[in-house]
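Heads up: the sequence shown at position 15 corresponds to 17 in our numbering, and the numbers run straight through without jumps. Even glycine gets a Cβ: it sits at the ideal position worked out from N, Cα and C.
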Amino acid sequence: MTLAYGMAVLLVRIFFVLLTYIVLEKLDWRKLFSAKNYVYAQYVCVLLSIAFGHLIGSFFITIMELLRDLLYSAFL
């Protein structure tokens, strides 16, 4: 694994974690948490954004690797 590939993987995962956090932040967490437990909604939002961002990022990285291998096998 080269340094550039490792940095690309890191940037893709950070991008999807941030994107997921922005989407989850827009949800109305008051429907799921009571008023006194609303502080925990922020923690749940952060943990879910890390989990979903990692999952989605891994999916896209796998797709990029498969496409790279497919193109290498087709042209080399």
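Determine the burial state of arginine 70: buried for a count of at least 16 other Cβ atoms within 10 Å of its Cβ, exposed for fewer.
-> exposed
Return helix, strand or coil for serine 36, following the three-state DSSP convention.
-> coil
Drop a sphere of 10 angstroms on the beta-carbon of phenylalanine 18, count the other beta-carbons inside from all chains shown, and report buried for 16 or more, exposed for fewer.
-> buried
Would you be able to state if there are at least three C-beta pairs under 8 Å between the segment 56-72 and the segment 10-17?
-> In short, these stretches touch, since the Cβ pair count reaches three.
Got a sec? Which residues, its chain only, sit under 6 Å from threonine 22 by beta carbon, not counting five neighbours each side?
-> Ser51, Phe54, Gly55
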